[in-house]
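Reading through the structure tokens given below for one structure.
Numbering (this note's numbering), first residue to last: -16 to 67.
Right, here's the structure in full:
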């Protein structure tokens, strides 16, 4: 899935770690999620398509953060395998 060189993996993993540890990023992400959830809860019962759209936005954010964590994990695994 990732054809990056080990040096590139390290750079990507470090950048992902910085982003995941960023107070500003986490505050923005939490605020965005809270706003989406509030919008979902305020959506009328008959607005299925709008709730689905909002849910997909929420889910996309989760996948984005999981991808960042995956970059870090991939690098750590690669580093561990190189030490063996």
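Note that beta-carbon positions come from the ideal geometry of N, C-alpha and C, so glycine has one too.
Quiz item: Would the region -9 to 7 and the region 50 to 59 be scored as touching if the rule is three or more Cβ pairs under 8 Å?
Solution: Taking a contact to require three or more Cβ pairs closer than 8 Å, the region -9 to 7 and the region 50 to 59 qualify as touching.
Exercise. Could you give the DSSP three-state label for residue 67: helix, strand or coil?
Key: Within the chain shown, the letter at position 84 stands for residue 67. Of the three classes helix, strand and coil, the one that applies to residue 67 here is coil, per DSSP.
Quiz item: Around the C-beta of residue -4, are 16 or more other C-beta atoms found within 10 angstroms, so that it is buried, or is it exposed?
Solution: Sequence index remark: in the chain shown, residue -4 carries index 13 (1-based). Result: buried.
Self-check item: Rounded Cβ spacing between residue 41 and residue 19 (contact assumed at less than 8 Å)
Solution: Numbered from 1 along the chain shown, position 58 holds the residue referred to as residue 41. Numbered from 1 along the chain shown, position 36 holds the residue referred to as residue 19. About 5 Å separates the two Cβ atoms, so the contact holds.
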